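Inspection log for the structure reproduced underneath, given as structure tokens.
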Amino acid sequence: MKEKKSVSIIEAIIKWPQTGITLALIILYLILAFAPTEARSTFFLPGNIVNVLRQSAISIVIGIPITFTMAAGLLDLSIGSLACLGAIVTCALITGHSSSTMEICPQLPIWAAIIIGMLVTSLFGYINGRIITALALPPFIVTLAMQEVAKGAVLSFSRGFPVSNLPASVLAMGRGTLFEVPYTVYLMLILLAVFWIILSKTKFGRHVYAIGGNPECARLSGINVKRTKIIIYVINGAMACVAGLMVSFRLGSAQTDLGATYGLDAITACCLGGTAMGGGKGYMFGTILGCIFLTSLSTGFNLMNVNAYYQQIIKGVVLIIAIAFNARNGITFRRKEKEESKEQK
Amino acid sequence: MKKTMALLMAAAMVLNLAACSGSSGSSQTTAAETTAAEATTAAETQAAELAEEATEALGGVVADMNGDGKTTIACVHRNLLGASGVNFRAAYYYSAAQMDDVELMFFDGNQDVTRQCNYIEDCMSSKACDAFVVWTCDPDGIAGTVQAAHDAGYPIIVIDISLDVDQEAYVTAGNYDMGVLTGESAVEYLTKKNGSPSGNVYVITATNQSTARDRVAGFLSIIEQYPDIKVVDTYDMPSSSVDDGVALADDLIQRYPEGTIDLYFCMNMSPMLGLISAAATANRTDFVLVGGFDYNDTFVEELQKGEGNTILWSFAAQDCFRIGSQAFELAVEAAKGNLPAEKEYMVPGDLVTTENLDEYLENYNFYQEQILQYQ
């Protein structure tokens, strides 16, 4: 009996969707802790832990809605461009300028500018969702096209120049800390808590999983599939704007090339965290681990002065291993479950 | 039956051939027609020889390539994601507007070399233009297509990023010289800080970009003259994205605690923007930055704070408007058959410090007004 219990614990650990990413994180931290480089003494300093958290905060804010999206069996490649669009629109409305001399829009109070920025990116998200559901087009194609539209919108609105000269109060939001922890990390934690509850405890969250598992079943069981998908893309738009502002408020300017890799990085983090590409499975905790892993990997390598070219190769290899691990895990246990159910019958 | 059919077919073919040869033999051509035909052939041969000579004289390129009597320049652009891209484009349009009968075709590759190659091939197949101005995002990727365009007779003017192909001229900012200016500025700071030209320097480069390589080479040519100035390390940052710049800057701030680095050299503006924000977040003022190599409002804001209140010691800025207009003018002349006198044109850049900031801004704003009209 005792032996059975211990086996089931091991099985449960292996079966846990975040086992792969947790192991990867442990191995990475062990390497960093014992590597004969400067990274050993620097990586685990409080200052660097805050640094990792600060960098992860942005990818987590993008990763949250991407978890919803992937859990519902959808995809969003436009989220990075929407982050850039949100940042450019909001910052331009705060300053009234693109570049230092070019007036491109009226100047508004900060809060109004943020709301309008979020509304604009949410509208883009709504259009994404509307096209995907109304025309039954693949999300990959639609969001790829929307990525181009958003990039074009950024360049035409800003005339190609970054938006600079943000007021000190805005910089304080982006650079300020409370108990040595950046405001952006607190904001990320709040958003994380809210969306975690939404995904795991609400009807909407269950609808997301149901749509990802089997959209036809979901529709037949009374779930408004189209509306749910549109809401997911609207959330993507709004969260993209938040992420764009987190970066811009810290930089003191909104750059026109911001966010280029946010979408793919977030998808990578979600996959690492066990979220299924095909939908039906989505783990907020896994996404957090995935984001922290990718940031730690990049920071650790930078501290060890590993060439950026090798970093890219290693990131790719890690992603393949993690996905393979998750897929194999799933297949093995599905097979076991089938065998068990057969035996029971 | 089959054999009979085959024999009949063969007989018909033989008869047909005989009839054809008979008709050519019996056809009568008048003497006047023969003379006119010979004269036409001689004129065509002479014209072809003259065109060949003219083409050889033009180094293989052809004047008025598409033969429509107008001058059309195709500008193949790398991206519109920064001051350089926007200013180059504005300069093309500004220059085209100043000239009569010159048309401009503008293509933005948006960082995609395949797209750039397609544009060039489309222009060639449709004979839409007479010359190309090429600002590439991938020198190796585009080389074959640009060489093919040149071989077909199109004049090629390369801008900013060098290409290893036959070309009429290469117009650039003088990146090496700007690197030298930046190196001298760094030595000035280190001497002021440490009493002698000594200290620790960190270099951020991008070995995949010829512009960055030239800037770093220029910078190091000065630094290496001072044995007490130590290049602590070099980081190769292949991407120019601001997100990567910010992430790298945050990590560097952690890696090098206070007092370990005196000066960071940044090969473009992404790591410089990142280091400005990272230093502000970490309240670090123990080092300064040099480089940047482009205009940016944030750099100006920093210098306006005054020496001692900013970590930006100086920034180098290429004169994109002048580079763009010079490249366009050279392309127009080459398209008309007037090849550039030189193979390489260096447009000097500026080194901007707290001392000459106002003077620099006066000039910059003048050009900016011109640019605004052509946005």
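If you read the protein sequences in the order shown, they are chains Z and E. When you number the first sequence by my numbering, it's gap-free, plus one each residue, and the end is 362. When you number the second sequence by my numbering, it's gap-free, plus one each residue, and the end is 423. Glycine included, every Cβ here is placed at the ideal spot set by N, Cα and C. As the structure is a computational prediction, the values presented were derived from the model and not from experiment.
Which two residues bound the contiguous beta strand (DSSP E) that contains residue i?
i	result
E:M153	V150 to D156
E:N248	G247 to T253
Z:C122	Note, Z:C122: premise wrong, no beta strand (DSSP E); not H, not E.
E:Y202	Looking at the DSSP string, E:Y202 is not in any beta strand (DSSP E), and its letter there is neither H nor E.
E:I121	T119 to H125
E:L399	D398 to V400
E:E392	E392 to M394
Establish whether the CB of residue i and some CB of chain Z are separated by less than 9 angstroms.
i	result
E:L337	no
E:D188	no
E:M285	yes
E:V213	no
E:V161	no
E:V194	no
E:R261	no
E:E349	yes
E:Q418	no
E:L152	no
E:T346	yes
In whole angstroms, what separates the C-alpha of residue i from that of residue j?
i	j	result
E:E306	Z:A74	25 angstroms
E:A145	E:F369	14 angstroms
E:T88	E:P187	Confidence is the limiting factor: at E:T88 the pLDDT is only 48, short of 50, which leaves the residue's position unreliable, though a coordinate-based value still follows. Each residue's alpha carbon lies about 46 angstroms from the other.
Z:A167	Z:V137	10 angstroms
Z:M321	Z:I66	16 angstroms
E:S318	Z:E28	47 angstroms
E:N411	E:Q418	11 angstroms
Z:Y14	E:M147	Within the shown structure, residues of chain Z are numbered from 18 to 362, placing residue 14 of chain Z beyond reach of any answer.
E:E407	E:V395	19 angstroms
E:L378	E:I204	9 angstroms
E:A105	E:G201	For E:A105, the predicted structure reports a pLDDT of 49, less than 50, and the residue's modelled location is therefore unreliable. A value from the coordinates is still provided. Between E:A105 and E:G201, the C-alpha separation is close to 12 angstroms.
Z:P34	Z:I44	17 angstroms
E:T193	E:A176	16 angstroms
E:D178	E:P388	15 angstroms
Z:T304	Z:F212	12 angstroms
Z:L188	Z:G261	14 angstroms
E:N424	E:E216	Here chain E covers residues 49 to 423 and nothing more, so residue 424 of chain E does not appear.
Excluding the 5 residues preceding and the 5 following residue i in the sequence, name in chain order all residues of the same chain whose CB lies nearer than 6 angstroms to its CB.
i	result
Z:L130	In the sequence as presented, Leu is not what sits at residue 130 of chain Z; that position holds Ala. The answer, listed in chain order, is T107, L110 and I111.
Z:D93	T86, T160 and N253
Z:L125	L110
What are the boundary residues of the alpha helix (DSSP H) that residue i is part of?
i	result
E:G339	Element bounds for E:G339: not the alpha helix (DSSP H) but the beta strand (DSSP E), V336 to G339.
Z:F157	P156 to S175
Z:E197	Careful: Z:E197 lies outside any alpha helix (DSSP H) and carries neither H nor E.
E:H240	The question names His, but residue 240 of chain E is Lys in the sequence shown. Element bounds for E:K240: N223 to N242.
Z:K246	V242 to L268
Z:A227	K220 to G230
E:D281	From DSSP, E:D281 is part of no alpha helix (DSSP H) but of the beta strand (DSSP E) over I277 to D284.
E:F180	That residue, E:F180, is in no alpha helix (DSSP H); its beta strand (DSSP E) goes A179 to V182.
Leaving out five residues on either side along the sequence, give the residues of the same chain with a beta carbon under 8 angstroms from the beta carbon of residue i.
i	result
Z:I247	Y143, G146, R147 and T150
Z:G296	M87, A88, A89, G90, L91, I228, G229 and G230
Roughly how far, in whole angstroms, is the beta-carbon of residue i from the beta-carbon of residue j, given that I think they are within contact range, below 8 angstroms?
i	j	result
E:I277	E:L238	6 angstroms
Z:A100	Z:L275	6 angstroms
E:L337	E:T230	About 10 angstroms; that fails the 8 angstroms criterion.
E:T13	E:I371	As displayed, chain E neither begins before 49 nor continues past 423, which places residue 13 of chain E out of reach and without an answer.
E:V150	E:V380	6 angstroms
E:V279	E:G227	Actually they do not touch by this definition, with Cβ atoms about 14 angstroms apart.
Z:I96	Z:A283	7 angstroms
Z:G290	Z:I38	6 angstroms
E:A365	Z:F178	Not really, about 14 angstroms apart at Cβ, beyond 8 angstroms.
Between residue i and the rest of its own chain, which residues show a CB-CB distance below 7 angstroms, the 5 nearest in sequence each way excluded?
i	result
Z:R176	S115, M119 and I121
Z:C308	S73, S76, I77, G80 and A286
Z:V202	L70, R71 and A74
E:N248	K278, V280, T308, I309 and D310
So with Cβ pairs under 9 angstroms, would you call residue i a contact of chain E?
i	result
Z:L110	no
Z:Y279	yes
Z:Y203	no
Z:A325	yes
Z:F178	yes
Z:N145	no
Z:D93	no
Z:N322	yes
Z:P199	yes
Z:M256	no
Z:N182	yes
Less than 8 angstroms separating the Cβ of residue i from some heavy atom of the ligand ADP?
i	result
Z:V106	Of the ligands one can find in the structure shown there are none, so the ligand ADP has no counterpart to examine.
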